[in-house]
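Take a look at the structure below.
Protein chains: 2
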Amino acid sequence: MIVMERKLSSATRKVGRPLSFDRDAALERAMLTFWRYGYETTSIADLTSAMGITAPSIYAAYGDKKALFLEATRLYAGDLNTHQTAMNSAPTARDAAYDLLVSAATAFTGDTTPPGCLLASATASGSSASADVQAAVADIRRQIGNCLCARIQRDIVDGILPADADAKALSQMTIAVVQGLSVLARDGASRDDLLNIAEEAMKAWRPYT
Amino acid sequence: MIVMERKLSSATRKVGRPLSFDRDAALERAMLTFWRYGYETTSIADLTSAMGITAPSIYAAYGDKKALFLEATRLYAGDLNTHQTAMNSAPTARDAAYDLLVSAATAFTGDTTPPGCLLASATASGSSASADVQAAVADIRRQIGNCLCARIQRDIVDGILPADADAKALSQMTIAVVQGLSVLARDGASRDDLLNIAEEAMKAWRPYT
DNA sequence: CTAATTTCATAGTGATTGCTATGTAATTGT
DNA sequence: ACAATTACATAGCAATCACTATGAAATTAG
Numbered sequence: 001m002i003v004m005e006r007k008l009s010s011a012t013r014k015v016g017r018p019l020s021f022d023r024d025a026a027l028e029r030a031m032l033t034f035w036r037y038g039y040e041t042t043s044i045a046d047l048t049s050a051m052g053i054t055a056p057s058i059y060a061a062y063g064d065k066k067a068l069f070l071e072a073t074r075l076y077a078g079d080l081n082t083h084q085t086a087m088n089s090a091p092t093a094r095d096a097a098y099d100l101l102v103s104a105a106t107a108f109t110g111d112t113t114p115p116g117c118l119l120a121s122a123t124a125s126g127s128s129a130s131a132d133v134q135a136a137v138a139d140i141r142r143q144i145g146n147c148l149c150a151r152i153q154r155d156i157v158d159g160i161l162p163a164d165a166d167a168k169a170l171s172q173m174t175i176a177v178v179q180g181l182s183v184l185a186r187d188g189a190s191r192d193d194l195l196n197i198a199e200e201a202m203k204a205w206r207p208y209t
Numbered sequence: 210m211i212v213m214e215r216k217l218s219s220a221t222r223k224v225g226r227p228l229s230f231d232r233d234a235a236l237e238r239a240m241l242t243f244w245r246y247g248y249e250t251t252s253i254a255d256l257t258s259a260m261g262i263t264a265p266s267i268y269a270a271y272g273d274k275k276a277l278f279l280e281a282t283r284l285y286a287g288d289l290n291t292h293q294t295a296m297n298s299a300p301t302a303r304d305a306a307y308d309l310l311v312s313a314a315t316a317f318t319g320d321t322t323p324p325g326c327l328l329a330s331a332t333a334s335g336s337s338a339s340a341d342v343q344a345a346v347a348d349i350r351r352q353i354g355n356c357l358c359a360r361i362q363r364d365i366v367d368g369i370l371p372a373d374a375d376a377k378a379l380s381q382m383t384i385a386v387v388q389g390l391s392v393l394a395r396d397g398a399s400r401d402d403l404l405n406i407a408e409e410a411m412k413a414w415r416p417y418t
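Chains A and B are the protein sequences, given in the same order.
If you count the first sequence from 1, position 53 lands on 53 in this note's numbering, and the numbers rise without skipping.
If you count the second sequence from 1, position 12 lands on 221 in this note's numbering, and the numbers rise without skipping.
What follows is the structure, encoded as structure tokens:
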């Protein structure tokens, strides 16, 4: 008799030896390791020591290195809808951009996390063997930029921003500053440095205030 | 009798079998390879095929992988004095920043070179084994930023910029945009996209014009 | 209890990493 | 011609890479 395969979540698994580690906590350790050292330049040995589990456990629980990284990336970036609603619930596109810059400056200089942005640094370069991973991360960056671009376009339609405002350039400029904040954070810039840079970048919005 | 060791340039070398390849041309090939694939994620095998010479030739001519990369980085970045005089000979700090952004947007989207900036991407992340290389590249970034910062400070002293202008934040913001342009270029943005972003970023200088 | 299932730790796999030992080829100095 | 010097190509070094085969351990179902 053919039985439908049932995908069981780890919480409802009933038979067999139970997992000896916290899957989510180990994933967070992996994320922090990729965040600090990058995707290709983090070895499985780095991950086993950071996650506290052996290589076969990693492969059984997450697939392979690529799948683990992509899952860690999802944990880092969060749901796209969250960003979308955050930007759409801001009073103006300008406020949304400011919030993005401030939260980036803050997140990139956390004292319990590596400096900079995982999405900006972990796959900034890599061999052609990881071109798909680089493209996946680039897509997340693009989606966030498109969110901001759409928000700006809405403000143009609503008359909050002038009709000749360049939504694409304005959103991309903001994203560019975010990426740059990551580089500066990795180079040792302080949170105040980054916040001052954000303030300076927001002056580009002055004609629209 | 003790004889002083004489460092001979490749042009004045007289004895022994001559080099069978163009050292400078091979270095440029190495630079382009590091530019595209990054420092740690470029293998010696990648370099031998790109440079057209065997591994022992690389090690004899350039030292090791680290020394080759640093030499390629020097070839890419050029002399710091060149940047310094360029910024100091610009009419204003604002012009210097604009020139920097435009030349970055252009250089990051060359059709005979990899997209983006070698200094921004090649060591954006890496294992702790290459921490010194990452620091060396970060230093070059810092020096260019300091050049611009000094140029801004000069304009403040000269009264071209107001006394309350934040030279550090303004220069760092500009550098951040340059780094961001590299990321966007790597993500496939066109030269026009990047130039529009540069225009948008320059609006932050509007109160100073 | 036994059988079935799942995870565990140990110990590897072949491939690739950066790098080099070795002997030969090509040039200059005498 | 011959020694000295330098670069060449071949081949291979130990270490690490991502990944896995294997069998024992831990759990549930019946």
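Even for Gly, the Cβ is constructed at its ideal location relative to N, Cα and C.
Treat the numbers as computed from the prediction; the structure is a model and nothing was measured.
Ranked by Cα distance from B/T257, the options B/G247, B/W244 and B/K274 are led by B/K274. When rounded, the separation of the alpha-carbon atoms in B/R245 and A/E200 is 31 angstroms. In this structure the region 261-276 of chain B touches the region 223-242 of chain B; the number of beta carbon pairs closer than 8 angstroms is three or more.
When C-beta atoms of the region 119-133 of chain A are compared with those of the region 145-152 of chain A, fewer than three pairs fall below 8 angstroms, so the two segments do not count as touching. Within the model, the alpha-carbon separation for B/A259 versus B/A372 is close to 51 angstroms.
Excluding five sequence positions before and after B/Y285, the CB atoms of its chain that fall closer than 8 angstroms to its own CB belong to M240, W244, L327 and L328, given in chain order. The three-state secondary structure of B/F243, taken from DSSP, is helix. With its beta carbon at least 9 angstroms from every one in chain A, B/E237 lies outside the interface. Listed in chain order, the non-local C-beta contacts of A/F108 below 7 angstroms within the same chain comprise P115, G116, C117, L181, S182, A185 and L194, local neighbours out to five positions each way being set aside.
In summary, the residues of the region 138-154 of chain A whose CB is separated from some CB of chain B by less than 8 angstroms are A138, R141 and R142, in the order they occur in the chain.
Under the 10 Å beta carbon count, A/V133 is surrounded by 16 or more other beta carbons and is classified as buried. Using a 10 angstroms sphere on the CB of B/N290, the tally of other CB atoms stays under 16, which defines it as exposed. The residue among B/E249, B/A302, B/R415 and B/A345 with its C-alpha nearest the C-alpha of B/D367 is B/A302.
For the region 312-339 of chain B, the beta-carbon criterion of a distance under 7 angstroms to any beta-carbon of chain A is satisfied by A329, S330, A331, A333, S334, G335 and S336.
Cβ-Cβ distances below 6 angstroms link B/I253 to A264 in the same chain, with the five nearest sequence neighbours on each side left out; the list follows chain order. Following the DSSP letters along the chain, one finds B/K274 inside the alpha helix (DSSP H) bounded by residues K274 to A286. In summary, the residues of the region 246-263 of chain B whose CB is separated from some CB of chain A by less than 7 angstroms are Y246, G247, E249 and T250, in the order they occur in the chain. For A/D187, the neighbours in chain B by C-beta distance under 7 angstroms run, in chain order, A347, R350 and R351. Between B/K412 and chain A, the shortest Cβ-Cβ separation is below 9 angstroms. Going by C-alpha positions, A/A138 is about 52 angstroms away from B/K223. Contacts with chain A at 9 angstroms (Cβ-Cβ) include B/P416. The C-beta distance from B/I384 to B/A374 rounds to 16 angstroms, too long to fall under 8 angstroms, and the pair is not in contact.
Proximity of B/K274 to chain A, defined by a Cβ-Cβ separation below 9 angstroms, is not satisfied. Below the 9 angstroms Cβ cutoff, chain A contributes no neighbours of B/A281, its closest Cβ being approximately 14 angstroms away. Take the alpha-carbon of A/F69 and the one of A/S127: they are about 16 angstroms apart.
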